[in-house]
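Enquirer: Dropping the structure in here first, questions after.
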Amino acid sequence: MRQIIAMGGGGFSMEPDNPLLDLYILNQVDKVKPKICFIPTASGDADNYIKRFYDFFNEQNCHPSHLSLFSPPTRDLERFILLQDIIYVGGGNTKNLLALWKEWDLDRILKKAWNEGVILAGISAGAICWFDEGVTDSFGDGLEPIKCLGFLNGSCCPHYDGEADRRPAYQKLVETSSIQAGIALDDGVAVHYKELDIHSVVSSRPSAKAYRVCGEKSVSESEIPTIYLGRNL
135 MRQIIAMGGG
145 GFSMEPDNPL
155 LDLYILNQVD
165 KVKPKICFIP
175 TASGDADNYI
185 KRFYDFFNEQ
195 NCHPSHLSLF
205 SPPTRDLERF
215 ILLQDIIYVG
225 GGNTKNLLAL
235 WKEWDLDRIL
245 KKAWNEGVIL
255 AGISAGAICW
265 FDEGVTDSFG
275 DGLEPIKCLG
285 FLNGSCCPHY
295 DGEADRRPAY
305 QKLVETSSIQ
315 AGIALDDGVA
325 VHYKELDIHS
335 VVSSRPSAKA
345 YRVCGEKSVS
355 ESEIPTIYLG
365 RNL
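Quick note on the numbering used here: the sequence shown kicks off at 135 and runs consecutively.
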């Protein structure tokens with residue numbers, strides 16, 4: 135079963151006192167102690183980001199690790215990735231992430247891992263990278279479309295409610311056919327794909343939502359039913 139969990143925002147890096155999304159990701163693996171590997175390429179392997187990952191996941195029933203392309207743990211990256219149960223990609227600069235992954239052949243390796251049942255997950259840049267296209271601020275001046283890996287169809291916009299210019303920018307890009315129609319994710323929302331279809335949309339915040347955004351000349355936004363994970367506590 136191929137699975138991808140894309141988060142618009144949240145998780146250990148944005149909600150350190152709200153573990154709902156990260157626990158949801160761990161719970162998708164039918165193992166007592168799943169192996170979860172953090173890939174912080176988009177942040178330039180920021181030390182604080184890596185530390186926050188370990189601060190949270192070391193306290194969970196799992197085996198955490200991380201993959202640095204600036205200081206690789208092994209020459210055999212493919213074997214390292216395929217031994218994981220979950221790959222968790224951090225946020226940051228999507229353009230740099232994609233460029234480095236291609237240089238290291240990690241895009242091919244991650245697709246192989248996905249096809250072999252390793253769960254792919256991520257936040258922000260680590261969410262949009264799996265789609266055909268995403269909305270990014272990687273270029274440093276405003277929000278623009280970026281071509282991504284194409285594991286999932288359409289486009290994705292994270293931080294839909296978390297940054298004031300995200301919603302109007304994404305709708306304008308879709309309306310003018312500058313980007314494909316797709317899905318928009320509020321902070322605190324994760325969309326869980328099984329194969330190429332949405333299996334569920336879950337949130338760590340009661341009011342956070344996901345939306346389908348489509349249309350030409352007249353853009354439309356429709357809410358996707360979202361399950362608030364706090365109800366299960």
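For glycine and all other residues, C-beta sits at the position ideal for the given N, C-alpha and C. As the structure is a computational prediction, the values presented were derived from the model and not from experiment.
According to DSSP, is T270 part of a helix, a strand, or is it coil?
Expert: Here T270 sits in strand by DSSP.
Enquirer: Would you call the CB atoms of Y338 and T360 closer than 7 Å?
Expert: The question names Tyr, but residue 338 in the sequence shown is Ser. Result no, Cβ atoms of S338 and T360 do not sit closer than 7 Å.
Enquirer: Among K351, I221, P174, which residue has its Cα nearest to the Cα of V308?
Expert: If we check each option's Cα against that of V308, K351 comes out closest.
Enquirer: Give a yes or no on whether the C-beta atoms belonging to I329 and R136 are separated by under 7 Å.
Expert: The sequence as given places Glu at residue 329; Ile does not occur at that position. Yes, the Cβ-Cβ distance between E329 and R136 is below 7 Å.
Enquirer: Thinking A315 and V335 are a contact (beta carbons under 8 Å), I'd like their distance in whole angstroms, please.
Expert: Not confirmed; about 17 Å, so no contact.
Enquirer: Mind checking whether P174 and I184 have CB atoms under 7 Å apart?
Expert: Result yes, Cβ atoms of P174 and I184 sit closer than 7 Å.
Enquirer: Around the Cβ of K281, are there at least 16 other Cβ atoms within 10 angstroms (buried) or fewer (exposed)?
Expert: Classification of K281: exposed, given that the 10 Å Cβ count is below 16.
Enquirer: With a threshold of 6 Å on Cβ separation, who are the neighbours of N152 within its own chain once the five nearest residues in sequence on each side are excluded?
Expert: Taken in chain order, the residues that qualify are S338.
Enquirer: Whole angstroms is fine: what's the gap from T310's alpha carbon to P302's?
Expert: Their Cα atoms are separated by approximately 12 Å.
Enquirer: Measuring only the C-alpha atoms, how far is L211 from K246?
Expert: Cα to Cα, L211 sits roughly 12 Å from K246.
Enquirer: Out of curiosity, what's the CA-to-CA distance linking E355 and A318?
Expert: Spanning the two alpha carbons is a distance of roughly 9 Å.
Enquirer: Helix, strand or coil for F204 per DSSP?
Expert: Of the three classes helix, strand and coil, the one that applies to F204 here is coil, per DSSP.
Enquirer: Roughly how many whole angstroms lie between the Cα atoms of L367 and Q162?
Expert: Caution is warranted here: a pLDDT of 46 is assigned to L367, below 50, making its placement in the model unreliable, and no coordinate value can be reported.
Enquirer: Does P150 pass the burial test, meaning 16 or more other C-beta atoms within 10 Å, or should it be called exposed?
Expert: Label assigned to P150: exposed.
Enquirer: By the three-class DSSP mapping on this structure, what secondary structure does N287 have?
Expert: N287 falls in the strand class under three-state DSSP.
Enquirer: Hey, how far is the Cα of P313 from the Cα of C263?
Expert: Reading the sequence as shown, one finds Ile at residue 313 and not Pro. The straight-line gap from Cα to Cα measures roughly 14 Å.
Enquirer: Apart from the five residues on each side of it in sequence, which residues of its chain come closer than 6 Å, Cβ to Cβ, to A324?
Expert: For A324, where only same-chain residues beyond five positions count, the Cβ hits under 6 Å are I139, M141, L155, V336.
Enquirer: Check the C-beta distance from G143 over to I257 and give it rounded, since I have them as a contact under 8 Å.
Expert: Sure, about 6 Å apart at Cβ, within 8 Å.
Enquirer: Measuring alpha carbon to alpha carbon, tell me which residue in A176, G178, S199 is nearest F187.
Expert: Comparing Cα-Cα distances from F187 to each of A176, G178, S199, the minimum goes to S199.
Enquirer: In terms of residue numbering, what span does the alpha helix (DSSP H) encompassing G316 cover?
Expert: Note, G316: premise wrong, no alpha helix (DSSP H); beta strand (DSSP E) at 316-319.
Enquirer: Would DSSP call A255 helix, strand or coil?
Expert: It is a strand residue.
Enquirer: Reducing DSSP to helix, strand and coil, say where L367 ends up.
Expert: With a pLDDT of only 46 at L367, under 50, the local geometry of the prediction cannot be trusted, and the value read off the model is given with reservation. Coil, per DSSP.
Enquirer: Where do the ends of the alpha helix (DSSP H) carrying S147 lie?
Expert: S147 -> alpha helix (DSSP H) spans 145-148.
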